[in-house]
Ligand SMILES: [Zn+2]
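What follows is the structure in C-alpha cells.
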C-alpha cells in the first residue's frame, strides 16, 4: 500500500490582508462568498487571523468557481425592486 493519501484533503485558500499585509491560508469555513447580480456586487470576504480586520475583495468568475468548488459558504444576493 504505497502512495496512499487522504482522498479528501482540507482545501486551503491563500489570501493576503491589505491592512497588515500578512499572508496566510484559510480553510473553506473561514471564507464567505457573496454572489450579486453584477460583478460589482460579487465578492468574497474573510476576517484576517492576524489583525482581525474584515477583508472584502471582488471575486471574478474564476474565483467564484474556485471557492464554490472548495466548499465555501455562498450567499446569493438578490436585488430587491
Ligand atoms: Zn490583517
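Residue numbers (our numbering): 150 to 230. Beta carbons are placed, not taken as given, at the ideal position from N, Cα and C, and that holds for glycine.
According to DSSP, residue 223 shares a beta bridge with 182. Pairing residue 220 with residue 183 gives a Cβ-Cβ distance that is not under 7 Å.
A straight-line Cα-Cα distance of about 15 Å links residue 212 and residue 225. The nearest non-hydrogen atom of ligand 1 is less than 6 Å from the C-beta of residue 202. In the three-state reduction of the DSSP assignment, residue 170 falls in the coil class. Here the C-alpha atom of residue 199 lies approximately 13 Å from the C-alpha atom of residue 179. For a cut-off of 8 Å, the C-beta gap from residue 175 to residue 195 is around 6 Å, short enough to register as a contact. If you ignore the 5 residues before and after residue 172, its C-beta comes within less than 6 Å of the C-beta of 165, all in its own chain and listed in chain order.
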